[in-house]
Amino acid sequence: MVRLRPDLVRGSGVLVGFLLVVVITSAVMPYPVQTSEYVFVDIRLLAEDPQAFEGHSISSVATVVETSNVGSYVYVDTVEGTRLAIPSSEPIPAVGDRIMFRGVSSLQADSVIFVDEFYALDYSSSLIRSVPGIALFLVLLFMVFKIDWKHLALVRRDV
312 MVRLRPDLVR GSGVLVGFLL VVVITSAVMP YPVQTSEYVF VDIRLLAEDP QAFEGHSISS
372 VATVVETSNV GSYVYVDTVE GTRLAIPSSE PIPAVGDRIM FRGVSSLQAD SVIFVDEFYA
432 LDYSSSLIRS VPGIALFLVL LFMVFKIDWK HLALVRRDV
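Written out as C-alpha cells, the structure reads:
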C-alpha cells in the first residue's frame, strides 16, 4: 500500500475544511437582499434632483465628508452633496470612507436618505482597519516560509 505524502494529506484537509465552511455559511447565513427592490442611482443625480426619488428604495455609492450624531441617527454628509441618516446602532463610517448604501429617499428632513444598510468599499481613513488582514497574511506567509538570517532570504519550511 502506498502511503500519501503528509503535505498532500494536509492540503486536502485544508481544501475540504474550506469547502465545508463555504457550504455551512451559505446554509446558515440569512438570505441576501433582493437587488430588484433597490434601484441603483448615481449619487450626483440624487443631489441635483432629490424630489424625483422621493420615497424610492435606492442604492448608491458615496464618500463620507462629515458625521454628526443626533439622537437615534448618525447623519453623514457626503462629497457629492447628499445627507445620509444611519441608525446609531450600526457601525459609523469614518471621514474619507467610500461606502455603498441602500435606503429610502425622503424629502421630509432636508433631502435625507434613511439608510437601511451599508458597507465600506474603501477604508481610506484608517490604516488600523487593515491590520487584521495584514496579520493574517503574515501568519500564512510564515506558515509556508521561514527567514534564513544568514542569507537574509525567505526559504520554504521543511515538511
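Be aware that the sequence shown starts at 312, since it is given in the numbering used here, and climbs by one per residue. Glycine residues also receive a C-beta, built at the ideal position from the N, C-alpha and C atoms.
Residue 390, DSSP secondary structure in three states: Stepping through the sequence shown from its first residue, residue 390 is reached at position 79. It is coil, neither helix nor strand.
Counting Cβ pairs, one atom from each stretch, are 3 or more of them under 8 Å apart for the region 400–416 and the region 370–380? yes
Can you give me the C-alpha to C-alpha distance between residue 333 and residue 362, rounded to a whole angstrom? On the sequence shown, position 22 is the one that residue 333 refers to. On the sequence shown, position 51 is the one that residue 362 refers to. One C-alpha to the other measures close to 43 Å.
Where the alpha helix (DSSP H) containing residue 455 begins and where it ends: Working through the sequence shown from its first residue, we reach residue 455 at position 144. Note, residue 455: alpha helix (DSSP H), 442–455.
Put residue 405 into one of helix, strand or coil per three-state DSSP. Counted from its first residue, the sequence shown places residue 405 at position 94. It is coil, neither helix nor strand.
Within 10 Å of its beta-carbon, does residue 400 have 16 or more other beta-carbons around it, so buried, or fewer, so exposed? Position 89 of the sequence shown, counted from the first residue, corresponds to residue 400. Burial call: exposed.
One or two residues paired with residue 400 in a DSSP bridge: In the sequence shown, counting from the first residue as 1, residue 400 sits at position 89. Its beta-bridge partners do not exist; DSSP assigns none.
Euclidean distance between Cα positions of residue 430 and residue 458: Here the question's residue 430 lines up with position 119 in the sequence shown. Here the question's residue 458 lines up with position 147 in the sequence shown. Going by the C-alpha atoms only, they are around 38 Å apart.
Specify, as a first and last residue, the run of the beta strand (DSSP E) that residue 472 falls within. Given that the chain is displayed from residue 312 to residue 470, the structure contains no residue 472 and the question cannot be resolved.
DSSP-derived helix/strand/coil call for residue 348: Start at 1 with the first residue of the sequence shown, and residue 348 comes out as number 37. Residue 348 falls in the helix class under three-state DSSP.
State the DSSP-derived secondary structure class of residue 428, mapped to helix, strand or coil. The count along the sequence shown starts at 1 and reaches residue 428 at position 117. If DSSP states are grouped into helix, strand and coil, residue 428 belongs with the strands.
Cα-Cα separation between residue 466 and residue 405, rounded to whole angstroms: Translated into the one-based positions of the sequence shown, residue 466 becomes position 155. Translated into the one-based positions of the sequence shown, residue 405 becomes position 94. If you take the alpha carbons of residue 466 and residue 405, they lie about 40 Å apart.
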